[in-house]
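Notes to accompany the following structure.
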Amino acid sequence: MDQEQFPKQWLENCSKDYAPSETIIKRYFADFKRDRRDTDDAERSGRPSEVVTQENIKKIHKIVLNRKDIERTYWLYIV
């Protein structure tokens, strides 16, 4: 087994159900070199992805199309 394949092979042998990709391993390694010891993603600012759902999109679309104070052709143009 060549030197580069050893870590990947070792992980696959130890973790038969799930072995992280080489990209993930490299990211963890870089994080550890910067003294970051937590492999979980850090919290990010902004809207959580659960807010954008098909149900919410349909509700907003309905609200926008039912607005009487703005011409419907304008809404259809921007949508």
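The sequence shown runs 393 to 471 under our numbering. For every residue, glycine included, the Cβ atom is placed at its ideal position computed from N, Cα and C.
Helix, strand or coil: how does DSSP classify residue i here?
{"i": "D432", "result": "coil"}
{"i": "A411", "result": "coil"}
{"i": "D427", "result": "coil"}
{"i": "K460", "result": "coil"}
Between which two residues does the alpha helix (DSSP H) carrying residue i extend?
{"i": "V456", "result": "446 to 457"}
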